[in-house]
Amino acid sequence: MDTSHRKTEPLLSWIWRSYFRTALIPLLLVEVGLIVLFLLANNLAKDENIDTLRKHANDDLTQIARRETAVLHRRLESVTQSTRVFASAVRRALLAPLKADEIPPQESERYAYDPEGVSYYTPQDDGGAAVFYSGILTVGEKERAKVLRTARLDPLMRDLQQSNPLIDQIYLNTSDSLNRIYPFIDALKHYPPKMDIPSFNFYYEADARHNPSREPVWTDVYVDPAGQGWMVSNIAPVYHGDVLEAVVGLDVTVSTLVEGILALQIPWQGFGVLIGKEGTILALPPAGERDLGLTELKQHPYAEWVRKDTFKPDDFNVYKRQDFGRLGASLQNAANGAGEIILKTGGKLTAWETVPGTAWKLLIVVPVENIYAQTVELNRRLKELGLVLVAGLVLFYIVFFAVLYLRARRMSGFLAAPVSQINAMVERIGAGDYGVFPPSFPVRELDESARSLAAMGRHLGESNRALLDIQDCMAREHALLRSLIDSIPDLIFYKDTAGVYLGCNAAFAHSLQRNESDIEGKSDSELFPKRAVSAFRDIDRQVLASGQARRDEEWFYQPDGRRIVLETLRTPYRDQAGNVLGLIGVSRDIDQRKQLEKALARAKEDAESANRAKSEFLAAMSHEIRTPL
């Protein structure tokens, strides 16, 4: 067993370890146990406080969500009431004939066709509402009359928009794509000439299929084609009997919603998130942007006309975000509740409440670390106290260890001298001096070890001399065996099971014009031409597989290019367990014998041919003699 790399320790280390185990560890365990108990009690108290705070925080957040939802509901309800008022006014304006004194005489001069003559619009801002009549249908006299009837709504639109800070703009859209909107916008800049207004969500979400109750409803966030960026709308249908004549809407931009969310009074530096009925985030304050890795969409670049509905991407949908997980499912299925979530900036406590009449949800989010800040700070101070105790303990043990170390050093010096003398005896024995004399030691065990070592040295000397005699005998026998093998003219070689040469005799090495050392470790492919290698390998594999000796005649290619015929006997050799370790081959040159056999065969054939010729001649002569002329 190789012990050259075994890790060893000096005697001082062993003695020091003994002191450490018997004296220091018990004392250390007791003191460390007390400190650990102190820290565990501190952590237990912290956990209990956190559990209590968690329960109170959940209750508080639920109350905050309910309170702020009620406030938000009142603000949104004011918009809804304005929508009802405006829808009623639009119904009257569309159905009632226009009286001569209801609008200024110059009202019709505000409108004109676009340069292509497709759409009908208001070219200039004179303080009134903007009008856009899409050219998707021909705008004729009937349509122009409808525009004038809706002009009666401008004062009401202005009053409603200016009386409520939530309302950014107010509009009506008819089934034939008439849009009247306040404040004024450049219609041709924002609307395509043949815009199909009923195909947008701020129209069709109020129809009978989407809104059978015919009450005002809130849309999800979308891009406003009129250029106000991302917004939500409170829309209401205007029916004439069962015919949907128009849809009115009051717009609230996302910026306005975010301002309202920022105004919420939420403790622990929390924030609110307003979520739409389909899970889309309607309003996200900056704190929420950091937590969710989003940037609130407030403005839109408007590089081209908005030709279809444009909604927020799925990253803004809490029902589809992976980081919301089970909380997203709870939000979707429960009108109110509380839960926890792990976001990019850490754990959060949440509570939510549904805004009545909208199906929106107000989600209150509070960082967990802010709720537990005081408890965590107290725990930190107690941990610092524990560290001070640990530092005092360490200082005490440094002094204590120094005293014990000095005692261990004296003890190791007392024991190290005898051990060094015993080591010197071992080195002398290792150098061949087997007759060492053991010194006397005061310690009985060391004295006995020295005497036993001296006796072992004497026995080792006797064994070593006997071993040298055996080695000399084996060396002579090996030299004799080698000389015997090299004296045989036949080619002798031996291989392992992989076909690698392990050795050969001088005749084999001479036949290849190589030294034996050049042959060892090589295979047939490195010594013979390719045409012979395959045959050699096949025969070797058969012998190794069968475990039986085999004799073959085979061509042997010499380095000068000549080839001769060899008769090779391959015999497997085994270990003591009978496992095949390789094979031994003995090859004899039978090339001359083969040539002689061929010559004898040819002579035999010649004699047989002469005999046949003689027989034929005699037969012919006999025939001639018997036949008279």
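Note that numbering that gives the first Met the number 0 has the sequence shown beginning at 0, numbered continuously upward. Where a beta carbon is used, it is the ideal one built from N, C-alpha and C, also for glycine. Given the structure is predicted, the values throughout are model-derived calculations rather than measurements.
Helix, strand or coil at residue i according to DSSP, with G and I counted as helix
i, result
"glycine 502", "strand"
"phenylalanine 270", "strand"
"tyrosine 556", "strand"
"glutamate 339", "strand"
"arginine 208", "coil"
"glutamine 512", "coil"
"methionine 194", "coil"
"tyrosine 433", "coil"
"glutamate 566", "strand"
"tyrosine 110", "coil"
"phenylalanine 616", "helix"
"leucine 39", "helix"
"tyrosine 301", "Confidence at tyrosine 301 is low in this model, with a pLDDT of 44, below 50, so its placement is unreliable and no value can be given for it."
"glutamate 101", "coil"
"glycine 287", "helix"
"alanine 86", "helix"
"tyrosine 318", "coil"
"arginine 408", "helix"
"arginine 625", "helix"
"isoleucine 234", "strand"
"aspartate 59", "helix"
"leucine 263", "coil"
Start-to-end residues for the beta strand (DSSP E) that takes in residue i
i, result
"isoleucine 538", "Counting along the chain, isoleucine 538 falls outside any beta strand (DSSP E), though it belongs to the alpha helix (DSSP H) covering 529-545."
"leucine 293", "Careful: leucine 293 lies outside any beta strand (DSSP E) and carries neither H nor E."
"glutamine 168", "168-173"
"proline 224", "It is not in any beta strand (DSSP E) - proline 224 carries neither H nor E in the DSSP assignment."
"asparagine 178", "177-181"
"glycine 345", "345-354"
"phenylalanine 199", "Taken as a continuous stretch (DSSP letters only), phenylalanine 199 belongs to no beta strand (DSSP E), as it is neither H nor E."
"glutamate 244", "242-252"
Neighbourhood of residue i by C-beta, 7 Å cutoff - its chain only, sequence neighbours within 5 removed
i, result
"leucine 147", "Leu97, Ile102, Glu106 and Ser107"
"tyrosine 556", "Phe527, Pro528, Ala531 and Arg562"
"glutamine 227", "Asp167, Gln168, Asp250 and Thr252"
"alanine 92", "Arg148, Thr149, Arg151 and Leu152"
First and last residue of the uninterrupted alpha helix (DSSP H) at residue i
i, result
"alanine 474", "443-486"
"asparagine 578", "That residue, asparagine 578, is in no alpha helix (DSSP H); it is neither H nor E in DSSP."
"glycine 324", "324-332"
"alanine 631", "A query on residue 631 cannot be resolved here, the shown segment of the chain reaching from 0 to 628 and no further."
"glutamate 368", "367-370"
"glutamate 525", "523-526"
Straight-line gap, residue i to residue j (C-alpha atoms, nearest Å)
i, j, result
"glutamate 519", "glutamine 470", "25 Å"
"aspartate 539", "proline 571", "9 Å"
"serine 77", "asparagine 163", "8 Å"
"asparagine 200", "alanine 99", "36 Å"
"alanine 40", "leucine 388", "15 Å"
"asparagine 57", "serine 329", "15 Å"
"tyrosine 318", "lysine 360", "12 Å"
"leucine 511", "valine 499", "16 Å"
"threonine 496", "alanine 576", "16 Å"
"proline 9", "leucine 28", "26 Å"
"arginine 16", "arginine 409", "14 Å"
"alanine 612", "lysine 597", "23 Å"
"tyrosine 371", "asparagine 233", "40 Å"
"arginine 550", "glutamate 476", "29 Å"
"glutamate 277", "leucine 36", "52 Å"
"alanine 245", "tyrosine 132", "13 Å"
"leucine 445", "serine 419", "11 Å"
"glycine 248", "leucine 75", "13 Å"
"proline 211", "leucine 155", "27 Å"
"leucine 171", "threonine 79", "15 Å"
"aspartate 195", "valine 70", "37 Å"
"glycine 546", "glutamate 552", "19 Å"
Sequence-distant residues of its chain with Cβ nearer than 8 Å to residue i (five each side left out)
i, result
"leucine 281", "Asp219, Val220, Val231, Val253, Leu256, Leu273, Ile274, Gly275 and Trp359"
"arginine 289", "Lys343 and Thr344"
"glutamate 30", "Leu392"
"tyrosine 203", "Pro197 and His209"
"serine 533", "none"
"arginine 457", "Tyr433 and Gly434"
"lysine 347", "Asp290, Glu339, Ile340, Ile341, Val364, Val365, Pro366 and Val367"
Sequence-distant residues of the same chain with beta carbon closer than 6 Å to residue i, five excluded per side
i, result
"tryptophan 304", "Because the pLDDT at tryptophan 304 is just 44, under 50, the model does not fix this residue reliably, and the point stays unresolved."
"alanine 334", "Thr353"
"aspartate 124", "Phe183"
"histidine 72", "Val354 and Pro355"
"lysine 593", "Val564"
Give, in chain order, every unbroken run of the beta strand (DSSP E) that is at least 3 residues long and sits entirely within the stretch 137-172. none
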